[in-house]
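Here's the structure, in structure tokens; my notes come after.
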Amino acid sequence: MRLLKIGSSPECDIVLNSKRVSALHAELIMLNNGDILLEDKGSTNGTFVNNQPIKQGASVSVRRGDLIRFGDTELQWAAVPQPSNNSMYKKIYGIGSNMRYNDIQVTGNTVSRFHATLKIDKQGRAFIEDHSLNGTSINGKRIAAHQNVRVKRGDDVVVGGVPVDLKPYIKPDIWPIIIKIGGGLAAAVAVVALVMKIVPSDDNGGNLSDYASSVVYVHAYYHYTAKIKGDPFVSLCRDYNIPYPSEYRIGIDSKGESMGIISDASPYSLFGLGATAFFVSQDGKMITNRHVTAPWKLDNNETARIKADIKRIMKKMQDESVDDYLSNSSKTFVVHAMRELERKGLDPKVLEEYFGVYLKCAVEDGDISGELDYIAVGYPYRRYSNIDEFERCTAIAEAEDENVDIALLQLNSGATPPTVKRTFDLNKSVLDPKKIVPLKHRYYYIGYPAGILLNLREDGLKPQFKEVLVSRTPERYTIDLQGEVIGGASGSPVVDQKGRLIGVISSHYTLGSTMGRCERIRYAKELYDDIEVR
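If you count the sequence shown from 1, you need to add 72 to reach our numbering.
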């Protein structure tokens, strides 16, 4: 929402130099949904819309281009800013005392008619913008006006001195970090009854539950990149000094479907991946999987879907005329480039030839890669309302052997939190595969199977203990497990009853019953030792 004061006073947003225009003659209110309201503020010579006078103090709906006159002076629409771009928000709520146009109505002499705006973005995050006289505060602190300020579901929000409950409009911010697991929500719900909390005792007199404090929930956001070979607009735009990407970024939309070639519209949604990691040192180093830190390096369905999306978009372009494409596909980089080139005087026929070359370009397997945007961890037994409260970390190493699904993380703070009772000791790991006897010894993994869906509760994140058996003699890189292993458990430590590591959960599959596989701990130790030597 934006309020523009109109009058002869130099303090107005739109100043009209006329003796028949009052100091504060009128107000133009631009609502978030694109509607525009006009209100006469008690002027001497009146306000007119299409030559019809409006009542003082009444809000009248107008449209851009209407003939509006203040006394003897017409409004020049060029002086009225274009509406804000709210395309990145899926819901917008007006907050204020105006009973007709606000979604969240707050009464009080100190509450402005259009006091603030609550915005919910496509990831479910909430922001509040104040544009009032008496201000808005969050948790007792007044926020800056005309800026989007993050607000969470449990925050205390006060507008103009009046508390307002925003909980009905802000969902708990756990949904951005729930990812598709196996068959999705239905599959995850179906396994609820199978999840058992097991906290075995340590044969040395301790308790394996002490290790749980060292096991964290990991969430990674990343995007894919694709290079279009032979794209003629790369060099053409460079010659005309027009921004044009050397590669395209690819993310997902709010429904979890691939968006294909991402445009210059920002922000874009990222792919999200939830998993597990565990501390192995006091300086914040953690072990997880390479497919968590660099999933684009796998030959997976996501990569195949992206290639299919790009082909589909290219085919759609071929089926449209250039004019149709330019009018219907305003978000892609190539459209932006063609419009800018046309403005700079390039012959439309030449542009059409370049566009024809572009349509024949292709994306090959080696041209699709990825980039980790950020990765963060949530600590066990701590309460969270959204992923922004997780602590950021960095992926510092990955196994060079493509057969090994191991990666190393480092907390950006450089220190393992004091709440960790017991880190895992790689030096005491079971490295000899002959000491791992199939179908005999009991083993456990500690992690977050089914991710946030099953493990984030009112009293905090809760890792689970799951009992498994080794189903056959360990192979060179991996160990097959018999027992329930569910998506989200990737990166979980697998230990014996003495707390000694034997592996890191890396995959699961179903053959009548749920099975799993872990990477041998030998490769995690080698990766860690190599980093320490450096």
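No residue lacks a Cβ here, since even glycine has one placed at the ideal position from N, Cα and C.
Since this is a predicted model, take the numbers as computed values, not measurements.
query: Take every Cβ of the stretch 563 to 576, pair it with every Cβ of the stretch 449 to 463, and state whether three or more of those distances are shorter than 8 Å.; result: no
query: When you compare only the Cα positions, how much space is there between K163 and A292?; result: 25 Å
query: Report buried or exposed for C590, applying the criterion of at least 16 other Cβ atoms within 10 angstroms of its Cβ.; result: buried
query: Can you tell me whether S441 is helix, strand or coil according to DSSP?; result: strand
query: On the three-state DSSP scale, how would you describe H363?; result: helix
query: What separation, rounded to the nearest whole angstrom, lies between the Cα atoms of K369 and T360?; result: 15 Å
query: Taking only three categories from DSSP, how would you classify A596?; result: helix
query: Could you give the C-beta distance for T488 and F351, rounded to a whole number, given that I count them as a contact under 8 Å?; result: 5 Å
query: Assuming contact is defined by CB atoms lying nearer than 8 Å, are V152 and V231 in contact in what I supplied?; result: no
query: How many angstroms separate the CA atom of R534 from the CA atom of Y520?; result: Sequence check: residue 534 is Lys here, not Arg. Taking the straight line from one Cα to the other gives about 8 Å.
query: Helix, strand or coil for L345, going by three-state DSSP, please let me know.; result: strand
query: To which residues does DSSP link L541 through a beta bridge?; result: Q554
query: Have a look at K327 and I167 and give me their C-alpha separation to the nearest angstrom.; result: Note that K327 scores 44 on pLDDT, short of 50, meaning its location in the model is unreliable and no value can be drawn from it.
query: Indicate the three-state DSSP secondary structure (helix, strand or coil) for E83 in the structure shown.; result: coil
query: Taking the alpha helix (DSSP H) that L431 belongs to, which residues open and close that run?; result: 420 to 431
query: Quick one: using the 10 Å Cβ neighbour count with 16 as the cut-off for buried, is V406 buried or exposed?; result: buried
query: Which residue wins for smallest C-alpha separation from D445, given the options P505, R464, V605?; result: R464
query: Using 8 Å as the cut-off, can you tell me whether the stretch 227 to 243 makes contact with the stretch 204 to 214, which would need three or more C-beta pairs spanning the two stretches below that distance?; result: yes
query: Per DSSP, T466 is paired with what?; result: Q482
query: Should the stretch 109 to 127 be regarded as contacting the stretch 136 to 145, the criterion being three or more beta carbon pairs within less than 8 Å?; result: yes
query: Straight-line CA distance for L103 to L76?; result: 11 Å
query: How big is the Cα-Cα spacing for K357 and L481?; result: 6 Å
query: From I459 to H97, what distance separates their C-alpha atoms?; result: 47 Å
query: Going by beta-carbon coordinates alone, are I101 and F199 separated by less than 8 Å?; result: no
query: By alpha-carbon positions, which one of S131, M410, S543, R494 ends up nearest to F305?; result: M410
query: With 16 as the cutoff for other CB atoms within 10 Å, does T550 come out buried or exposed?; result: buried
query: Just to confirm, does D138 get its C-beta within under 7 Å of one of the non-hydrogen atoms of the ligand ADP?; result: With respect to the ligand ADP, the structure offers nothing, as it holds no ligand at all.
query: Could you tell me the distance, in whole angstroms, from the CA atom of V611 to the CA atom of D439?; result: Outside the displayed span of the chain (73 to 606) sits residue 611, for which this structure offers no information.
query: Could you have a look at N104 and say whether DSSP puts it in helix, strand or coil?; result: coil
query: In the structure shown, what three-state DSSP assignment does F496 receive?; result: coil
query: Where does R572 sit, in a helix, a strand or coil, going by DSSP?; result: coil
query: What residue range is occupied by the uninterrupted beta strand (DSSP E) comprising F120?; result: 119 to 121
query: Alpha carbon to alpha carbon, what distance is there between I478 and G523?; result: 19 Å
query: Using a 10 Å radius around the Cβ and a threshold of 16 neighbouring Cβ atoms, would you call Q128 buried or exposed?; result: exposed
query: Pick helix, strand or coil for M171, following the three-state DSSP scheme.; result: coil
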